[in-house]
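Below: one structure, written as structure tokens.
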Amino acid sequence: MAVGTATACAPSQGAVAPSSAAAAPASAGVGTSTGTMGAPGIGDPDFPSDGNGGYDVRHYDLRLSYDPSSRKLAGSATIEAKAAQDLTSFDLDLHGLTVSRVAVDGAAASFSRSQDELVIEPAQRIRNGDGFAVTVDYSGVPEPMHDTANLGRYGFIATPDGAFVTCEPNGAKTWFPSNDHPADKATYDFRITVPEGLTAIANGEMAGTPQTTAGKTTFVWREKHPMASYLATMTTGKFQVRTGTSAKGLPIYAAVADSFRGSLDTLFTQTGKITDYWSTVFGPYPFSSTGGVIDDYAAGYALENQTKPIYGGFSPEPAIIAHELAHQWFGDSLSIGRWRDLWLNEGFATYAEWLWAEHTGQGTADSAFRRYYENAADPMWAYPPGAARADDLFSAAVYNRGAMTLHALRREIGDQKFFPLIRAWADAHRYGNVSTREFIALAERVSGKDLKGLFDAWLFQPKRPAPVM
Ligand SMILES: [Zn+2]
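In full-length UniProt numbering, the protein residues as written are 1 to 469.
Have a look at this one:
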């Protein structure tokens with residue numbers, strides 16, 4: 001995510017306080033609960049009720065119909081999962097909306113609601129290791145999440161002509177039942193029906209041509225690579241669309257709201273150019289297409305929705321496009337397993353802005369580093385970015401001190417080790433989940449150096465580290 005339209009990654013608009021979780025497991029990981037009830041949280045200590053335990057989702061098949069005039073969403077979600085323990089009941093995350101029917105493997109299942117948990121009791125116990133499919137039929141007017149700290153509204157946000165859908169960190173549950181935490185990634189099929197004349201945009205690539213019957217058009221999108229739930233979108237409205245390929249042959253899908261018509265060609269061209277460039281720095285692009293969406297909802301931030309970053313109400317400068325596209329490697333292909341490791345997304349994407357400036361002759365990463373370092377009064381020195389806080393998740397410290405951590409590492413091990421390390425990191429964990437501990441271990445292995453002191457000072461101490469030579 002990049003906040004602010006002038007400079008990417010201006011200080012946070014904040015975070016989400018963990019809601020009180022009744023019975024989240026004490027230790028991390030799926031399936032750590034005892035007994036046969038799936039835990040109501042996936043085990044993220046800072047977001048105890050996010051996600052769920054007891055199973056692993058493989059695939060979401062989402063059939064959605066949205067009418068902007070009534071703001072009503074009707075959905076049928078089929079979730080294919082594998083049990084990680086014996087299950088007499090399990091949870092999905094769902095915020096608001098009315099559930100009319102739940103079936104597990106085709107048999108009606110009983111269900112109840114408790115805050116943002118949809119508790120499902122299948123007719124028969126699901127055995128550990130078994131695959132199962134749960135179908136949830138639901139409808140209603142989606143309510144976005146409200147964060148009083150400063151993220152404002154996120155999730156499914158209705159607009160006059162459609163919806164602006166950005167879900168970091170836990171807003172997927174505002175429009176589909178999910179295991180809403182990046183620790184459980186899955187593939188997605190979307191079948192989205194909107195009034196004729198509107199465009200529905202989701203992740204991955206479009207399958208076939210949109211079909212129109214009786215004044216409604218259905219768009220089918222498929223994301224065949226694993227994706228975190230917060231990166232899924234169903235942004236809809238009146239859009240100008242341009243498709244084509246980058247110089248390296250990667251398909252590009254660019255879309256802008258009518259009022260941003262003048263920005264379509266720039267968005268298309270810059271997106272192709274920057275995606276191609278990052279593939280020479282970070283290694284092969286992890287997905288099957290790239291793109292970008294400018295909607296006219298004035299969110300004031302951008303989000304790295306997988307294959308299609310979305311810019312909320314502004315024409316992005318190249319630095320912001322560079323930030324969001326770097327996230328396709330760091331955040332989207334490689335996803336964090338718990339939110340406190342967010343610097344692995346935002347520190348990398350912010351450092352990518354510095355690398356883009358270096359590439360385009362607009363100042364070196366070193367000059368950016370020194371500018372921040374010289375400000376001894378910057379509040380980021382009190383905020384160790386290696387432990388992003390739930391109540392200030394998108395802090396400037398996570399972005400800028402995170403990027404500085406990478407620059408300090410680059411200075412310590414040299415470009416000949418640093419860039420191969422970054423490529424090895426993206427390659428080794430492609431489509432998977434990552435942790436800070438794993439990054440430090442790989443950095444030590446690639447460089448042959450003991451880097452514990454460096455990472456401890458930059459990531460975990462609440463004070464400005466000693467100067468970098
Ligand atoms: Zn970001």
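We put the CB at the ideal spot given by N, CA and C, even for glycine. As the structure is a computational prediction, the values presented were derived from the model and not from experiment.
Item to complete: Given a cut-off of 8 Å, decide if Ala254 and Tyr60 are closer than it, judged by their beta-carbon atoms.
Response: No, they are not a contact pair.
Worksheet item: Roughly how many whole angstroms lie between the Cα atoms of Pro195 and Thr271?
Response: Looking at the two C-alpha atoms, the distance is approximately 29 Å.
Fill in: Proximity winner among Glu317, Asp378 and Ser70, relative to Asp161 (alpha-carbon distances)
Per the Cα distances, Ser70.
Discussion item. Restricting to Cα atoms, I'd like to know which of His181, Val293, Gly197 and Ile201 is closest to Asp189.
Written reply: The residue with the shortest Cα to Cα distance from Asp189 is Ile201.
Fill in: Ser367 classed as buried or exposed, judged by whether at least 16 other C-beta atoms fall within 10 angstroms
Around the beta-carbon of Ser367, fewer than 16 other beta-carbon atoms lie within 10 Å, marking it exposed.
Worksheet item: Secondary structure at Gln240, three-state DSSP: helix, strand or coil?
Response: DSSP places Gln240 in strand when its eight states are reduced to three.
Discussion item. Tell me which residue opens and which closes the alpha helix (DSSP H) that Trp221 is part of.
Written reply: Per DSSP, Trp221 belongs to no alpha helix (DSSP H); it is in the beta strand (DSSP E), Lys216 to Met227.
Worksheet item: Are the Cβ atoms of Asp116 and His146 separated by less than 8 Å?
Response: Not in contact: Asp116 and His146 (Cβ atoms no closer than 8 Å).
Worksheet item: From Arg222, Phe260 and Asn345, pick the residue whose C-alpha is nearest to that of Arg63; which is it?
Response: Residue Arg222 is the option with its Cα nearest to Arg63.
Worksheet item: Would DSSP call Gln461 helix, strand or coil?
Response: Three-state result, Gln461: coil.
Discussion item. Please report the distance separating the alpha-carbon of Tyr372 from that of Gly347.
Written reply: Roughly 14 Å between the two C-alpha positions.
Discussion item. What does the Cβ neighbour count give for Lys308, buried or exposed, with the cut at 16 atoms within 10 Å?
Written reply: Under this definition Lys308 is a buried residue.
Practice prompt. Specify, as a first and last residue, the run of the beta strand (DSSP E) that Thr166 falls within.
Written response: Gly162 to Thr166 is the span of the beta strand (DSSP E), which, as asked, contains Thr166.
Fill in: Distance between His225 and Thr166 (C-alpha atoms, nearest Å)
Taking the Cα positions, Thr166 is about 19 Å away from His225.
Worksheet item: Shortest alpha-carbon distance to Tyr230 belongs to which of Ala443, Lys216, Pro182 and Pro48?
Response: Answer by Cα proximity: Pro182.
Discussion item. Could you check whether the Cβ of Met380 sits closer than 7 Å to any heavy atom belonging to ligand 1?
Written reply: Distances between the C-beta of Met380 and the heavy atoms of ligand 1 are all 7 Å or more.
Worksheet item: By DSSP, does Lys449 sit in helix, in strand, or in coil?
Response: Residue state, collapsed to three classes: coil.
Discussion item. Since Ser333 and Arg430 should fall inside the 8 Å C-beta cutoff, what is the C-beta to C-beta distance between them, to a whole number of angstroms?
Written reply: That belief holds up - the Cβ atoms of Ser333 and Arg430 are roughly 5 Å apart, short of 8 Å.
Worksheet item: How many angstroms separate the CA atom of Asp203 from the CA atom of Glu143?
Response: Contrary to the premise, residue 203 reads as Asn rather than Asp in this sequence. Spanning the two alpha carbons is a distance of roughly 22 Å.
Item to complete: Compare the Cα-Cα distances from Trp278 to each of Phe239, Ser435 and Tyr351 and report the closest residue.
Response: When only C-alpha atoms are compared, the closest one is Tyr351.
Fill in: Euclidean distance between Cα positions of Asp244 and Ile79
As written in the sequence, residue 244 is Gly, which differs from the Asp given in the question. Their backbone Cα atoms lie some 32 Å apart in a straight line.
Worksheet item: Are the Cβ atoms of Ala77 and Pro177 separated by less than 8 Å?
Response: Their beta carbons are under 8 Å apart, which means Ala77 touches Pro177 by this criterion.
Worksheet item: Arg242 and Val220: beta carbons closer than 8 Å?
Response: Cβ distance not < 8 Å, so Arg242 and Val220 don't count as in contact.
Item to complete: Could you tell me if Val3 is buried or exposed, where buried requires 16 or more neighbouring beta carbons within 10 angstroms of its beta carbon?
Response: Flag for Val3 reads buried.
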